[in-house]
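Numbering (full-length UniProt numbering), first residue to last: 1 to 355.
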């Protein structure tokens, strides 16, 4: 214990010296500091004092050392799901507090109402003592009633209801039915929906989780593309020619795989030309890179690239037409392209000049 405590102490001191103020901005560092302080207090109390110490205190101090396991959860990439769970719990702490406060308030009000209604029954000397004790065990005091109402909401509510229905009045059955339907069904489902929404919001807004999920999607997509490539590569030479590629038209299974990979095609020859680099064959890397480029619909960046290339091409056409075309014809060509929404030629020229 002394050896590990000294090692942890040196580790924390070195990090404080190197990080400075940044050390206090991470919750994991506070946990490490708490573990070191707990270990030092344990060693000091056990070895440096002669006062009798309750052994339960030592057990609690040793349990506090388990808090360092949170760093393993934070650092290990294998526990991504557990990291997401911890982050969602931390982000939902405020919502958890207000949800608990709302339920506690409703439980207190319901408990006060029932305690008031059964007070006369418990205090009535004409009623059998065994029956009064049975009701008192569940609703005799505010604390008993409060605990019973939580049992009604989250546990088996039948016995708590039947005690009042059989001994006091059958009208209590209507109260508990309404209580369970309103609070146990509507309110709890709303709270669950809010927690689910908060979890989805945390998962979508966390950059680290989004980055890891993106990596998993890319790896999964690459595996699917490799599997499709190996299926089409009948010769097994690591390249696909046009004859092998034409199996897509004949095989419904391969068509389905292409659809799953978001590679929509209408012209087989054009798709082969897009994936090929000009040597008449498609290698595995060409297939993976081409599938990634052709995946899904056109993006804004792809459209911008096409527009830029068209404008550069139009600029070169104007240069070629200038010696042989009169000014009227040249202006008419410029007017056609300007009316087609190609309006950032000057911007393209500036980019080319700066580059």
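Glycine included, each C-beta is placed from N, C-alpha and C at the ideal position.
Distance between residue j and residue i (C-alpha atoms, nearest Å)
i           : j           : result
residue 124 : residue 159 : 22 Å
residue 279 : residue 214 : 33 Å
residue 227 : residue 200 : 32 Å
residue 8   : residue 104 : 42 Å
residue 165 : residue 135 : 11 Å
residue 173 : residue 133 : 20 Å
residue 30  : residue 36  : 10 Å
residue 216 : residue 208 : 12 Å
residue 88  : residue 203 : 8 Å
residue 281 : residue 238 : 10 Å
residue 274 : residue 23  : 52 Å
residue 121 : residue 181 : 27 Å
residue 308 : residue 319 : 17 Å
residue 310 : residue 187 : 60 Å
residue 16  : residue 102 : 41 Å
residue 314 : residue 303 : 16 Å
residue 211 : residue 14  : 31 Å
residue 351 : residue 316 : Because residue 351 carries a pLDDT of 40, less than 50, the predicted location of this residue cannot be relied on, and no value is offered for it.
residue 18  : residue 11  : 11 Å
residue 277 : residue 242 : 13 Å
residue 25  : residue 223 : 40 Å
residue 140 : residue 126 : 17 Å
residue 34  : residue 231 : 57 Å
residue 171 : residue 28  : 55 Å
residue 82  : residue 306 : 44 Å
residue 240 : residue 252 : 19 Å
residue 90  : residue 235 : 55 Å
residue 39  : residue 129 : 55 Å
residue 148 : residue 21  : 49 Å
residue 233 : residue 97  : 59 Å
residue 144 : residue 41  : 39 Å
residue 131 : residue 163 : 9 Å
residue 32  : residue 312 : 60 Å
Opposing strand residues paired with residue i [DSSP bridges]
i           : result
residue 239 : 283
Whole-Å CB distance - residue i paired with residue j, under 8 Å assumed
i           : j           : result
residue 118 : residue 168 : 6 Å
residue 358 : residue 229 : Examination of residue 358 is not possible in this model, given that the chain is present from 1 through 355 alone.
residue 111 : residue 146 : 5 Å
residue 43  : residue 5   : 6 Å
residue 92  : residue 195 : 6 Å
residue 142 : residue 107 : Not really, about 11 Å apart at Cβ, beyond 8 Å.
Reference residue i, options the options, closest by Cα
i           : options               : result
residue 357 : 287, 152 and 25       : Residue 357 falls outside the range modelled here, since the chain spans only 1 to 355, and no answer is possible.
residue 189 : 306, 21, 231 and 99   : 99
residue 247 : 272, 224 and 15       : 272
residue 95  : 192, 243, 292 and 308 : 192
residue 198 : 86, 242 and 148       : 86
residue 161 : 82, 138 and 314       : 138
residue 292 : 218, 129 and 39       : 218
residue 84  : 20, 206 and 140       : 206
residue 156 : 129, 184 and 290      : 184
residue 225 : 290, 171 and 140      : 290
residue 113 : 176, 235, 128 and 243 : 176
residue 152 : 179, 236 and 252      : 179
*Enumerated in chain order, which unbroken segments of the alpha helix (DSSP H) with a length of 4 residues or greater are wholly contained in the stretch 71-127?*
80-91 and 93-123
*Residue ranges of each beta strand (DSSP E) run of no fewer than 3 residues wholly in the stretch 141-222, ordered along the chain?*
none
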